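In our numbering, the protein residues as written are 62 to 350.
Here a beta-carbon is modelled for each residue, glycine too, at the ideal position from N, C-alpha and C.
Note that the structure is a prediction, hence the values are computed from the model and not measured.
Since the structure comes first, as structure tokens, the remarks are kept for the end.
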């Protein structure tokens, strides 16, 4: 009897596929900007929103969206104005977010199991409303990342050149910040705030082992994210493991396998004897009488 005949497993699978497709589509821009760990920082800020929601008995997800969005915008403005380095800004997100979340959850009457659901994910408890929210927000992020790909690539590759070219650099940077916050929030139910960055970064890093162009890397990363999401839920159903952790483990396993195969293929190509260049034809001079 297949576990996927139950509605909660079907909802978990749909959610994992949406997040697996969305997270790498955004993550490739973060990797390009060398902000691979920003998802962790924003995730910790989202945890503060969860704590506020539990404390004031409002929706933790809505509060997490608000907190993550504010945190992402503030940190982008700080980075843009150059008042602090990117590493320091991320450190402030990490420590301030996690500390605020733990304090607020401690002040509420919630049990530790409620906090663990957001720290490590609880995809199998997703409701139809949760999946609908994930689908709508995920579609919005995908449309923005694919529709604005040339402009976003230009900003992430060379911000000064993009500004000289007349692109709205600040608006595009804020768009990346807000979509990162949204992606972190919808992925929070799937893999938890402690593992969010893995789905944004690992499929991209895996695709970079076998692709060269930005467009092909993006497509391959999204395909790998889909594979990790679907196969991770299937493995969790068979082995009775945590769905979010299973998705991330498969993503990392894919990276290891692809990296080893790519290295072996490059070694084989280097060892293969190269064909000798064809001799140049001799010039024939015809003598005339």
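The alpha helix (DSSP H) that contains residue i, what's its start and end?
{"i": "residue 304", "result": "304-332"}
{"i": "residue 93", "result": "68-93"}
{"i": "residue 293", "result": "275-300"}
{"i": "residue 213", "result": "210-218"}
Helix, strand or coil for residue i per DSSP?
{"i": "residue 106", "result": "helix"}
{"i": "residue 118", "result": "coil"}
{"i": "residue 229", "result": "coil"}
{"i": "residue 199", "result": "helix"}
{"i": "residue 191", "result": "helix"}
{"i": "residue 258", "result": "helix"}
{"i": "residue 62", "result": "Confidence is the limiting factor: at residue 62 the pLDDT is only 44, short of 50, which leaves the residue's position unreliable and the question unanswerable from this model."}
{"i": "residue 113", "result": "helix"}
{"i": "residue 223", "result": "helix"}
{"i": "residue 239", "result": "helix"}
{"i": "residue 272", "result": "coil"}
{"i": "residue 153", "result": "helix"}
{"i": "residue 183", "result": "coil"}
{"i": "residue 165", "result": "helix"}
Below 8 Å on the Cβ atoms is my contact criterion, and I expect residue i with residue j to pass it. Report the Cβ-Cβ distance as a whole number of Å.
{"i": "residue 87", "j": "residue 241", "result": "6 Å"}
{"i": "residue 120", "j": "residue 114", "result": "6 Å"}
{"i": "residue 127", "j": "residue 100", "result": "Not a contact, Cβ separation roughly 18 Å."}
{"i": "residue 267", "j": "residue 285", "result": "5 Å"}
{"i": "residue 247", "j": "residue 198", "result": "5 Å"}
{"i": "residue 289", "j": "residue 312", "result": "4 Å"}
Taking buried to mean at least 16 other C-beta atoms within 10 Å of its own C-beta, is residue i buried or exposed?
{"i": "residue 348", "result": "Only weak support exists for where residue 348 lies, its pLDDT of 49 falling under 50; the coordinates are left without a value."}
{"i": "residue 67", "result": "exposed"}
{"i": "residue 334", "result": "exposed"}
{"i": "residue 117", "result": "exposed"}
{"i": "residue 179", "result": "buried"}
{"i": "residue 234", "result": "buried"}
{"i": "residue 204", "result": "exposed"}
{"i": "residue 200", "result": "exposed"}
{"i": "residue 123", "result": "exposed"}
{"i": "residue 332", "result": "exposed"}
{"i": "residue 167", "result": "exposed"}
{"i": "residue 258", "result": "buried"}
{"i": "residue 318", "result": "exposed"}
{"i": "residue 90", "result": "buried"}
{"i": "residue 140", "result": "buried"}
Verify the CB distance criterion: does residue i have a CB-CB separation below 9 Å to chain D?
{"i": "residue 304", "result": "Although the question refers to chain D, the structure presented lacks it and comprises just one protein chain."}
For residue i, verify whether its CB is less than 8 Å away from any heavy atom of the ligand ZN.
{"i": "residue 303", "result": "For the ligand ZN, the structure offers nothing, since it holds no ligand at all."}
Subject >> the region 71-86 in contact with the region 251-271 per 3-pair CB rule at 8 Å >> reply: Enough Cβ pairs lie closer than 8 Å, so yes.
Original post:
Does the pairing of the region 242-254 with the region 301-310 give three or more beta-carbon distances under 8 Å?
Top reply: Put simply, the region 242-254 touches the region 301-310. At least three CB pairs are less than 8 Å apart.
**OP:** Examine the Cβ distances between the region 208-217 and the region 226-243 and report whether three or more of them are shorter than 8 Å.
**Re:** The region 208-217 makes contact with the region 226-243; the number of CB pairs closer than 8 Å reaches 3 or more.
**OP:** Evaluate the contact criterion for the region 187-195 versus the region 70-78: three or more CB pairs, one atom per stretch, below 8 Å.
**Re:** The answer is yes - the region 70-78 touches the region 187-195, with three or more Cβ pairs under 8 Å.
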